[in-house]
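*Asks:* What follows is a single structure, and I will ask about it in a moment.
Numbering (the numbering used here), first residue to last: 693 to 1253.
Following this line, the structure appears as structure tokens:
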């Protein structure tokens, strides 16, 4: 081959790699931001990125666009590996016409998403764009529609992760919103439907970019973003960590990591973590960190709806989704935000074959007109539906309180919980003792005039109510609780062989998940609600989108409304 032709190829590749040119790159770096390909190289294993469509250009000739032609047209797409596992990526290049989306850019993004679906691998999108390319009009809008449709078809089939490294405004926000997880960076990233200028002209409200759609706003108020990173380097590191907890697609399982953490190790601190007073708060995260492998817990939406905790951990090396009430925040009560946060997380775990552990300490649903008007009934039903339809292994532990409707919603036995445990101090009842006595003994209390006598009467009735109705043993008598377990091994004068038979929180969780996941001819299968047939990824989007598809004897196919 002629050297001139080889040199032309080298020059063309260099031109494409340069994006919007040296000056544009320098300006981008001055803001503390990386270019598209720099971000991809940080994310993927070294040397693994294989780019496609590097030479694609737009075809627009209106408004002088024929003079603004860049190879690659503002987005780098391709495939690579993270810890040796295949992933597909696209990264918008803000140095090329502000990273605005053209018809050609959408075709590149759609191609890599189609490849991800075909291969059954996660797709990770890095967003840094000013929105639709105005010069292309309806063609740019059609491009967004094509991307959104692929997001929808891939939902529940392959994991989708969005990283917001810069602006993401207007219609562009809907693609990340359709994906499974969103990562935003502080300072430089923001998401909103309309910018501050439009808001000012329409509503008269003065608001900054950060106040309208900054990372902290979406992390604490809207719940749109699942993770916030201080820097781009941290964001990339956390995305790699997230990928380690999830499978390639909905017919595979997350990687099993070698566990060097002894499942039988003693955690004496568990005995004292939960206060005897049912109204006294404590941090549920201390319990989580004590029982998971190596204390490694990746929390999802940690700053949104803090009254419920969601996140990934491992038990015996196997990825596990954890949902837990947080008594340290609003007493762990369920409200609209907490319900939809937990429901979404449960459905992700169910779609991607990730076992679920639920730690319960819930006094009920938050009451009041604010919650009723916001649709607490609908949001609570979403969480109930998510748990009820989930066919992955589900282990539930009632740590302290579990009252009323919230008891049912938090993966109770009747919602097909596989193993349901309770600590000895657990209270499982329609309502707390104080409220119950006020209702059941209303007439008697009204007849007692002496304050001291009334106080004594209430104390006696509350104690009797707790003994009869609010202990874990009535539920255990009916089979609603499989076992009452100890938080940790207690000191005892009994022979060692007898004390070792006691079930503790850590050993019960480990043993239960081990029983629920068995091996048949080398292929994993869930017990007891259905067998997932062996074979490669079943990635037909019509069959699997939005939820999951399992070929099994007696298994269910379903979608959440």
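Just so you know, even glycine gets a beta-carbon here, dropped at the ideal spot from N, CA and C.
These figures come from a predicted structure and were not determined experimentally.
1. From which residue to which residue does the alpha helix (DSSP H) around residue 931 run?
2. Just checking my contact of residue 1010 with residue 1053 at CB under 8 Å: how many whole Å lie between their CB atoms?
3. In three-state terms, what does DSSP make of residue 882?
4. What do you reckon, are the CB atoms on residue 1196 and residue 1051 nearer than 9 Å?
5. If we ignore side chains and look at the alpha-carbon of each, how far apart do residue 973 and residue 771 end up?
6. Quick check: the Cα distance between residue 902 and residue 879, rounded to an integer number of angstroms?
7. Identify which residue in 981, 969, 1076, 767 has its Cα closest to the Cα of residue 1119.
8. Counting along the chain, where does the alpha helix (DSSP H) carrying residue 893 start and finish?
9. Around the Cβ of residue 924, are there at least 16 other Cβ atoms within 10 angstroms (buried) or fewer (exposed)?
10. Rounded to whole angstroms, what's the CA-CA distance from residue 1178 to residue 1090? Just pull it up for me.
11. Classify residue 1074 as buried or exposed, calling it buried when 16 or more other Cβ atoms lie within 10 Å of its own Cβ.
12. Express the C-alpha separation of residue 750 and residue 702 in angstroms, rounding to a whole number.
13. Grab me the residues of residue 922's own chain with a C-beta within less than 6 Å of its C-beta, minus the 5 sequence neighbours each way, in chain order.
14. Tell me which residue opens and which closes the alpha helix (DSSP H) that residue 1078 is part of.
15. Identify whether residue 770 lies in helix, strand or coil by the three-state DSSP scheme.
16. Check residue 1112 in the structure and name its three-state DSSP category.
17. Given residue 951, which residues of its chain have a CB within under 6 Å of its CB, disregarding the five upstream and five downstream residues?
18. Pull the bridge partners of residue 1002 from the DSSP assignment, please.
19. Please name the residue in 814, 712, 1201, 889 whose C-alpha comes closest to that of residue 727.
20. If residue 965 and residue 979 are in contact, beta carbons under 8 Å, what's the gap, nearest whole angstrom?
21. Buried or exposed: residue 1032, going by 16 or more other Cβ atoms within 10 Å of its Cβ?
22. Would you mind sorting residue 1070 into buried or exposed? The rule is 16 or more other CB atoms within 10 Å of its CB.
23. Once you ignore the five residues that flank residue 1022 on each side, which residues in its own chain have a CB closer than 6 Å to its CB?
24. Where DSSP assigns a beta bridge to residue 1196, which residues make up the other side?
25. Using only alpha-carbon positions, find the residue among 1081, 1012, 913 that is nearest to residue 1029.
26. If contacts are defined as beta-carbon pairs under 8 Å, then residue 858 and residue 725 qualify, I think. What distance do you get, rounded to the angstrom?
27. Just grab the DSSP bridge partners of residue 1088 for me.
28. Am I right that residue 826 and residue 854 are in contact with their C-beta atoms under 8 Å? What's the rounded C-beta distance?
29. The beta strand (DSSP E) with residue 749 in it runs from where to where?
30. Quick one: using the 10 Å Cβ neighbour count with 16 as the cut-off for buried, is residue 1143 buried or exposed?
31. Which two residues bound the contiguous alpha helix (DSSP H) that contains residue 979?
32. Contact between the region 774 to 791 and the region 831 to 846: three or more CB pairs below 8 Å?
33. Quick check on this structure: which residue in 942, 943, 919, 944 has the alpha carbon closest to the alpha carbon of residue 932?
34. Alpha carbon to alpha carbon, how far is residue 864 from residue 1101? Give it in angstroms, no decimals.
35. Determine the DSSP secondary structure at residue 1010, reduced to helix, strand or coil.
36. Which residues in the same chain as residue 746 place their Cβ atom closer than 6 Å to its Cβ, once the five residues preceding and following it in sequence are excluded?
*Replies:* The short version:
1. 924 to 937
2. The Cβ separation is near 25 Å, so there is no contact.
3. strand
4. no
5. 47 Å
6. 8 Å
7. 969
8. 888 to 895
9. buried
10. 11 Å
11. buried
12. 21 Å
13. 878
14. 1068 to 1081
15. strand
16. strand
17. 985, 1008, 1009
18. 992, 1015
19. 712
20. 6 Å
21. buried
22. exposed
23. 999
24. 1178
25. 913
26. 7 Å
27. 1050, 1112
28. The pair is not a contact, with the Cβ atoms about 23 Å apart (cut-off 8 Å).
29. Counting along the chain, residue 749 falls outside any beta strand (DSSP E), and DSSP gives it neither H nor E.
30. exposed
31. 976 to 983
32. no
33. 919
34. 35 Å
35. strand
36. 708, 764
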